[in-house]
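Novice:
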Ligand code: KIV
Ligand code: ZN
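In my numbering, the protein residues as written are 59 to 445.
Quick look at the structure:
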């Protein structure tokens, strides 16, 4: 089994979401939780972007003991110097510097040429290496960058001292197959690639961020950049909880992470509350419905053996437990189960009769609640067995 390093960018790419701005105290609290979760690298912020973000990166650097603390910069000397200053106290500092490498970025953003951009990339990495030993280079919009040119850039920045190569699908454009092939191309065409770690950084504009990151790792990347709840620019970044559980579920891939998975749901709630972005109910692993069963066919199977409809035990990811939700699509076994849970013991015939009244209530509302069950049971003129 080989380790895939988890690079969490909730405090940087995640915090770029409008309305998610965090103050230093909030960032510090979340950084400590991320370290406890077991992430390998915490991208703490973009120090040159504001005095507040500089302070956050500086304070996080002081308190984080095990994880690498990373600060973002552009391929600009001043940015790199400011990032280095903010990381001064970090036990394991990393400067993350880079530049756009797709022709869209080279022409429209920089009004430049491929050769000039390659030179700027090399100079940025060399400059950053004056301050820290661990320098990650990002080739922004690598997803739409020509592979042959990308390979040249990567080879040059490794020679300049880059230790990690971030291959961002900045616009969330790639298909999993394309992203995997890009990683494989770099593995096979960059002569010094064994001197550095390839990293996946995928955005979710087409809902493919998790699939792309996993395909990238299968093709040889050993770091995945992700955020709690998949927060991030536009449609978000790769969701940490998803990639971690994919690798845990599919052990045949031969890849593992050091994440303590029982902490996934608690930290998801913490991030949702602090950043004030509720988690969508159907979100994998951490959504409110991730372990809820509502249709009769599923409920019956689940009650016979949970594994018929659950591939993950909720305890494994710190979720509250599986739920049998009662709706007009629910069946008799679910009704009997829920009645029993609140203290009523009815035989099969009783449940058959009760089920008719249950359906009338269920058709009139979205979900049948515990109080409705009490009313149904009382109307059936039976006192609760244990109440
Ligand atoms: O999506 C992206 O390209 C980024 C880089 C700054 C790493 O977030
Ligand atoms: Zn990004």
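Ideal placement from N, C-alpha and C gives every residue a C-beta, glycine not left out.
Treat the numbers as computed from the prediction; the structure is a model and nothing was measured.
Using the Cα positions of residue 340 and residue 102, report the straight-line distance between them to the nearest angstrom.
Specialist: Roughly 29 Å separates the two Cα atoms.
Novice: What does the alpha-carbon distance come out to for the pair residue 426 and residue 363?
Specialist: 24 Å
Novice: Rounded to whole angstroms, what is the Cα-Cα separation between residue 153 and residue 331?
Specialist: 29 Å
Novice: If we count the other Cβ atoms within 10 Å of its Cβ and call it buried at 16 or more, is residue 60 buried or exposed?
Specialist: exposed
Novice: Look at the alpha carbon of residue 342 and the alpha carbon of residue 413, and state the distance between them as a whole number of angstroms.
Specialist: If I take the Cα positions, the gap works out to 32 Å.
Novice: Mind the definition here: the segment 181 to 192 touches the segment 237 to 250 only if three or more C-beta pairs lie below 8 Å; say whether that holds.
Specialist: no
Novice: Thinking C-alpha only, which one of 297, 286, 277, 240 is nearest residue 262?
Specialist: 297
Novice: Just verifying my parser: in three-state terms, what is the DSSP assignment at residue 338?
Specialist: coil
Novice: If you drop the 5 nearest sequence neighbours on each side, which residues of the same chain put their C-beta closer than 7 Å to that of residue 382?
Specialist: Annotation for residue 382: 351, 357, 392, 395, 396 place their beta carbon closer than 7 Å to its own, counting only its chain and skipping 5 residues before and after.
Novice: Could you tell me if residue 76 is buried or exposed, where buried requires 16 or more neighbouring beta carbons within 10 angstroms of its beta carbon?
Specialist: exposed
Novice: Can you tell me the Cα-Cα spacing of residue 241 and residue 215, whole angstroms?
Specialist: 16 Å
Novice: Ordered along the chain, which non-local residues of its own chain (more than five positions away) have a Cβ less than 7 Å from that of residue 366?
Specialist: The residues are 359, 360.
Novice: Given the structure, does residue 425 come close to the ligand KIV, in the sense that its CB is under 8 Å from one of the ligand's heavy atoms?
Specialist: no
Novice: Measure the alpha-carbon distance for residue 92 versus residue 168 and round it to whole angstroms.
Specialist: If I take the Cα positions, the gap works out to 35 Å.
Novice: Under three-state DSSP, which class holds residue 343?
Specialist: coil
Novice: Under a three-way DSSP split, which group does residue 427 fall into?
Specialist: coil
Novice: Between 63, 287, 226, which lies nearest to residue 338 when the distance is taken from Cα to Cα?
Specialist: 287
Novice: Between 119, 97, 279, which lies nearest to residue 82 when the distance is taken from Cα to Cα?
Specialist: 119
Novice: Could you check whether the Cβ of residue 71 sits closer than 8 Å to any heavy atom belonging to the ligand ZN?
Specialist: At least one heavy atom of the ligand ZN is found less than 8 Å from the C-beta of residue 71.
Novice: Just the C-alpha distance for residue 210 and residue 349, rounded to the nearest angstrom, thanks.
Specialist: 47 Å
Novice: Output the boundary residues of the alpha helix (DSSP H) element that contains residue 413.
Specialist: For residue 413, the enclosing alpha helix (DSSP H) has its first and last residue at 406 to 422.
Novice: Which one or two residues does DSSP pair with residue 320 in a beta bridge?
Specialist: None; residue 320 has no bridge partner.
Novice: Just jot down, in chain order, the residues whose CB lies closer than 7 Å to any heavy atom of the ligand KIV.
Specialist: 71, 130, 154, 156, 196, 198, 199, 224, 226, 228, 259, 261, 291
Novice: For the beta strand (DSSP E) holding residue 65, just list the boundary residues, first then last.
Specialist: 63 to 66
Novice: Where does residue 352 fall in DSSP's three states?
Specialist: coil
Novice: Around the Cβ of residue 445, are there at least 16 other Cβ atoms within 10 angstroms (buried) or fewer (exposed)?
Specialist: Low per-residue confidence applies at residue 445: pLDDT is 40, beneath 50, and the placement is therefore not dependable enough to give any value.
Novice: Would you be able to state if there are at least three C-beta pairs under 8 Å between the segment 226 to 234 and the segment 185 to 194?
Specialist: no
Novice: Which residue marks the beginning of the alpha helix (DSSP H) containing residue 176, and which one marks its end?
Specialist: 172 to 187
Novice: Taking the straight line between their C-alpha atoms, what separation do you get for residue 163 and residue 171?
Specialist: Going from the Cα of residue 163 to the Cα of residue 171 covers about 10 Å.
Novice: Mapping DSSP to helix, strand and coil, what is residue 443?
Specialist: For residue 443, the predicted model reports a pLDDT of 46, less than 50, meaning its position is unreliable; a value from the coordinates is still stated below. Under the three-state reduction of DSSP, residue 443 is assigned to coil, being neither helix nor strand.
Novice: Pull up the distance between the alpha-carbon of residue 368 and that of residue 307, whole angstroms please.
Specialist: Residue 368 and residue 307: Cα-Cα distance of roughly 12 Å.
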